[in-house]
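Below is one structure, written out as structure tokens; the observations come after it.
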Amino acid sequence: MGKGVNHRDVDRRHFLRGAGLATMATMATRFSGASTEAVERFLATRFAELSPKEVEALLEDLERDFSRRFGKEISVEATPAMDDVVFGYGLDISRCIGCRRCVYACVKENNQSRNPQIHWIRVLEMEKEKGIDLAESNAYYDPEQVPEEKSFYLPVACQQCRNSPCTRVCPVKATWQEKDGIVVIDYDWCIGCRCCMSACPYGARHFNWAEPELPVDAVNAKTHILGNRPRMKGVVEKCTFCIQRVRNGRYPACSEICPVGARKFGNLLDEESEIRYLMREKRVFVLKEELATKPKFYYFYAT
Amino acid sequence: MMTKIKKFFLFVLGSVRLVLTGSKAYWTWVGSLLILIVWGASAYATQLRDGLIVTNMRDQVSWAFFIGNFTFLVGVAAAAILLVIPAYVYNWKPIKEIAIFGELLAISAITMCLLFVTVDIGRPERFWHLMPFVGSLNIPSSLLAWDVLVLNGYLLLNLFIVTHLLYKAFFKRAYNKALIVPMILFSIPFAISIHTVTAFVYIGMAGRPFWNASILAPRFIASAFCSGPAILLILFQILKRLKVVDIKDEAIWKIAELMAYAMFLNLFLFGAEIFKEYYSATHHLLHTQYLYSGLHGHSALVPYAWASVICSTVAFLLFLFPATRKNLITLNLGCLLIYAGVYIEKGMALVIPGMTPDTLGEIYEYTPTMTEVRIGAAIFSIGFLVFTLMCKVAIPVLKGDFTVDSLKEPVGHRPLAQSRSMD
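Here the protein sequences line up with chains A and B, keeping their order. Residue 1 is where the first sequence starts when you use the working numbering, and the numbers rise one by one after that. Residue 1001 is where the second sequence starts when you use the working numbering, and the numbers rise one by one after that.
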């Protein structure tokens, strides 16, 4: 990345806001004994405000940092949204067997912390007799074998709302909706106030309560800056529809791993896409429609 | 003629000396607070190193003890206006001399509020992202961003008013009415706004039915009008006993009467909420049930919830009847009960049930860790310390003991004449 760019000139970490912060940086370096790098990181600029050149320099920096930390080459991309694409997801409740393969494929793909464990997908077990009832659901089911006769399963992750309460409440604009509809977080800008977690009606946002533990041999080396790149403690994270995959024409890890084909994915603007097909041929619904969050994550019963 | 800067410097220097001289009791009090602060600061150091994992907050209950205390203290800060309204608007003598303590209380409470928010955030070193112009404050859409603005604005406003009043009294001059009276009038809607905006942070969460109720804002105001004065009433009696400031009994009774009305309103609104929840008995009721009767065997908050209801009701009755309102023992008992009742109601009993069960129906039972309690204790100690130090200056100024004349010789030649205030 960033061939030919002299990152010293354009490093976003030098992109300081006014003389005040610059002075602060110098003083902090001198008196705290902190490395210049740490101080520069402290004075980072919001991702959404970076120029393309600054993004390039930032990616290069992150790649260098991560590669050093994990002892192998880690790529960090910032692949932008494609034109005429808005991603949507479909989940066939009648097929899901509650095996949680999606949960762990997601953890692996998206570099979630292994300790403390963070899962972007939560599979809820529901009783067939009661139908969908979140208050009666159980996320900690652990039988010998799934599916159980009396149960059905409802996996829940970020619903990628069009009318997203989480982005609205963020006090520092650290989370927003991209052009392709994916709600992302700037991990370098999030202050960790967890307002978005209070606002999310789907429990989709997760906080790094401790320094995330990501073993060297488990790290997925192909990352996106707004998605699965390694995170730090004290910031919020969530499902991004595997932004690092889907913007390069691949399926999200969860839909790829699903052994029963319950997970569908595609471009909502393309009438020929699988997601549009099932919206046309089946009957879809969204969770908590009364909140008017307008999710781009649809559930349906195919049989 | 001294220049303005030199004069202000004199005032500051005199104040510092006042703060650094005091009786044994004063130093014991300050010393104990400092010990608590160090005790809590070391807990915070652990939290900074290990992350918020040292608290018992988790994804299910992601706001708890810290934010609960924050919410309660915003109410205390807002309550300063209960004293300011009659004192300044109606120029009502008995209260005017003591309204300044309401403002000092507001300053201390806001200091604690800001500290509680600071210890709650995951990346405190990024606080500057919240600064207007420098950071990226999400105005107008984020209520928390608004809260940052109004809380800091309210703090600055009160600091300015108090400093101006004391400074002028120090130089035995009348305060600038044309400047201060409008500012004080402005502080009244400002005080309402800090508590309303804080209520809106909660009300705005459509996915949390326990909070998503418009009644929350008026309840916040009503309960604040109880808890703030409860602290001040006790303080005024101490000051009176110490013959520091002459506070008339009628003033104290009047405040107690106003508190009774506020508590009535608070209990009425509470009743309205309880009726709505239990009569409609939807899934929204689960949170109220968790609070008052427990849910699926989880009942950590139940004793506190009932204690709060009982405290508030008994206090209301004590303040309602003139006989118990005018009796010092029952009056003070009422103050303590109100303080306890509102502390529970606007703290843990507001934040935790809002998140229990969580949005997907899971019950995670939260109780604070020792680390959280220690950090909380340190923040309260800082608040008390700030209040003590400000009183140490304000009291002699109001008594007329600490004026420019009391610095008889040029600064630096001999120690300041010992203040009699706290000795």
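Even glycine gets a Cβ: it sits at the ideal position worked out from N, Cα and C. Keep in mind it's a predicted model, so treat the numbers as computed, not measured.
Buried or exposed: where does residue i fall if 16 or more other Cβ atoms within 10 Å of its Cβ makes it buried?
i: aspartate 1358(B); result: buried
i: asparagine 6(A); result: At asparagine 6(A) the pLDDT is 39, less than 50, meaning the model places this residue with poor confidence; the figure from the coordinates comes in the next sentence. The residue is exposed, with fewer than 16 neighbouring Cβ atoms inside 10 Å.
i: methionine 1370(B); result: exposed
i: tyrosine 89(A); result: buried
i: tryptophan 209(A); result: buried
i: lysine 294(A); result: exposed
i: leucine 1328(B); result: exposed
i: aspartate 1405(B); result: exposed
i: tryptophan 165(A); result: According to the sequence provided, residue 165(A) is proline. The question's tryptophan does not apply to it. Buried, because 16 or more other Cβ atoms sit within 10 Å of the Cβ of proline 165(A).
i: aspartate 188(A); result: buried
i: threonine 1330(B); result: buried
i: leucine 1336(B); result: exposed
i: alanine 1349(B); result: buried
i: tyrosine 1202(B); result: buried
i: valine 1012(B); result: exposed
Just to check my reading of the structure: residue i and residue j have Cβ atoms closer than 8 Å, yes? What is that Cβ distance to the nearest angstrom?
i: glycine 1347(B); j: asparagine 1069(B); result: 6 Å
i: glutamine 1047(B); j: tyrosine 1364(B); result: That belief does not hold up - the Cβ atoms of glutamine 1047(B) and tyrosine 1364(B) are roughly 20 Å apart, past 8 Å.
i: lysine 1007(B); j: phenylalanine 1171(B); result: 7 Å
i: valine 1076(B); j: isoleucine 1231(B); result: 7 Å
i: threonine 354(A); j: valine 184(A); result: Residue 354(A) cannot be examined here, being either before or after the span of chain A that is shown, 1 to 303.
Verify the CB distance criterion: does residue i have a CB-CB separation below 7 Å to chain A?
i: alanine 1305(B); result: no
i: methionine 1205(B); result: yes
i: isoleucine 1194(B); result: no
i: arginine 1123(B); result: yes
i: serine 1293(B); result: no
i: leucine 1149(B); result: no
i: arginine 1049(B); result: no
i: asparagine 1212(B); result: no
i: threonine 1298(B); result: Sequence inspection shows histidine at residue 1298(B); the threonine mentioned does not correspond to that position. Closer than 7 Å: no.
i: asparagine 1069(B); result: no
i: asparagine 1327(B); result: no
i: arginine 1414(B); result: Confidence in arginine 1414(B) is poor, its pLDDT being 43 and thus under 50, which makes the residue's placement too unreliable to answer from.
i: leucine 1052(B); result: yes
i: histidine 1287(B); result: no
i: asparagine 1138(B); result: yes
i: serine 1421(B); result: In this predicted model, serine 1421(B) has a pLDDT of only 40, less than 50, meaning its place in the structure is not dependable; the value taken from the coordinates is given anyway. So no, serine 1421(B) is outside the interface.
i: serine 1308(B); result: no
i: phenylalanine 1406(B); result: Correcting the residue type first, residue 1406(B) is serine in the shown sequence and not phenylalanine. So no, serine 1406(B) is outside the interface.
Counting only beta-carbon separations shorter than 7 Å, does residue i have a partner in chain B?
i: serine 151(A); result: no
i: valine 5(A); result: The pLDDT assigned to valine 5(A) is 38, lower than 50, so where the model puts this residue is not dependable; a value taken from the coordinates is nonetheless given after this. By this cut-off, valine 5(A) is not an interface position.
i: isoleucine 191(A); result: yes
i: alanine 157(A); result: no
i: histidine 14(A); result: For histidine 14(A), the predicted structure reports a pLDDT of 41, less than 50, and the residue's modelled location is therefore unreliable. The matter cannot be settled from this model.
i: arginine 194(A); result: yes
i: glycine 203(A); result: yes
i: serine 198(A); result: yes
i: valine 103(A); result: no
i: leucine 287(A); result: no
i: phenylalanine 42(A); result: yes
i: valine 10(A); result: Caution is warranted here: a pLDDT of 37 is assigned to valine 10(A), below 50, making its placement in the model unreliable, and no coordinate value can be reported.
i: cysteine 170(A); result: yes
i: phenylalanine 297(A); result: no
i: arginine 263(A); result: no
i: leucine 58(A); result: no
>> Short of 9 Å Cβ to Cβ, which residues in the region 1356-1371 of chain B face chain A?
In response: Pro1357, Asp1358, Thr1359, Leu1360, Gly1361, Glu1362
> Does the region 1103-1114 of chain B touch the region 1369-1383 of chain B, meaning 3 or more C-beta pairs lie closer than 8 Å?
Replying inline: The region 1369-1383 of chain B is in contact with the region 1103-1114 of chain B.
> Relative to chain B, which residues along the region 215-239 of chain A have a C-beta separation below 7 Å, given in chain order?
Replying inline: Within the region 215-239 of chain A, the residues whose Cβ lies closer than 7 Å to some Cβ of chain B are Lys233, Gly234, Val235, listed in chain order.
> Which residues, taken in chain order from the region 1267-1284 of chain B, show a beta carbon closer than 8 Å to some beta carbon of chain A?
Replying inline: His1283
> Counting Cβ pairs closer than 8 Å, one from the region 1236-1256 of chain B and one from the region 1208-1221 of chain B, do we hit at least three?
Replying inline: no
>> Count Cβ pairs between the region 1149-1162 of chain B and the region 258-276 of chain A that sit closer than 8 Å; are there 3 or more?
In response: no
>> Quick test of the definition: if touching needs 3 or more C-beta pairs under 8 Å, does the region 189-202 of chain A touch the region 232-246 of chain A?
In response: yes
>> Assess contact between the region 1223-1232 of chain B and the region 1259-1266 of chain B, defined as three or more Cβ pairs (one per stretch) separated by less than 8 Å. Is contact present?
In response: yes
>> At a CB distance below 9 Å, what residues from the region 124-148 of chain A approach chain B? Give them in sequence order.
In response: Leu124, Asp133, Leu134, Ala135, Glu136, Ser137, Asn138, Ala139, Tyr140
> Residues in the region 1161-1181 of chain B with C-beta within 8 Å of chain A's C-beta atoms, listed in sequence order?
Replying inline: none
>> Under 8 Å, with one C-beta from each stretch per pair, do the region 214-229 of chain A and the region 75-84 of chain A reach the 3-pair mark?
In response: yes
> Does the region 1033-1042 of chain B come close enough to the region 1372-1379 of chain B to have 3 or more Cβ pairs within less than 8 Å?
Replying inline: yes
> Do three or more CB pairs link the region 92-109 of chain A to the region 139-159 of chain A at distances below 8 Å?
Replying inline: yes
> So, do the region 39-56 of chain A and the region 171-189 of chain A have three or more beta carbon pairs nearer to each other than 8 Å?
Replying inline: Counting Cβ pairs under 8 Å, three or more are found: they touch.
>> Which residues of the region 71-82 of chain A have a Cβ closer than 8 Å to any Cβ of chain B? Give them in chain order.
In response: none
> Taking contact to mean at least 3 C-beta pairs separated by less than 8 Å, is the region 1126-1145 of chain B in contact with the region 1192-1210 of chain B?
Replying inline: Yes: at least three Cβ pairs fall under 8 Å.
> For the region 1317-1349 of chain B, which residues have a CB atom closer than 8 Å to at least one CB atom of chain A, in sequence order?
Replying inline: So nothing in the stretch comes that close.
> Per the contact definition of three or more C-beta pairs closer than 8 Å, is the region 56-66 of chain A in contact with the region 108-123 of chain A?
Replying inline: no
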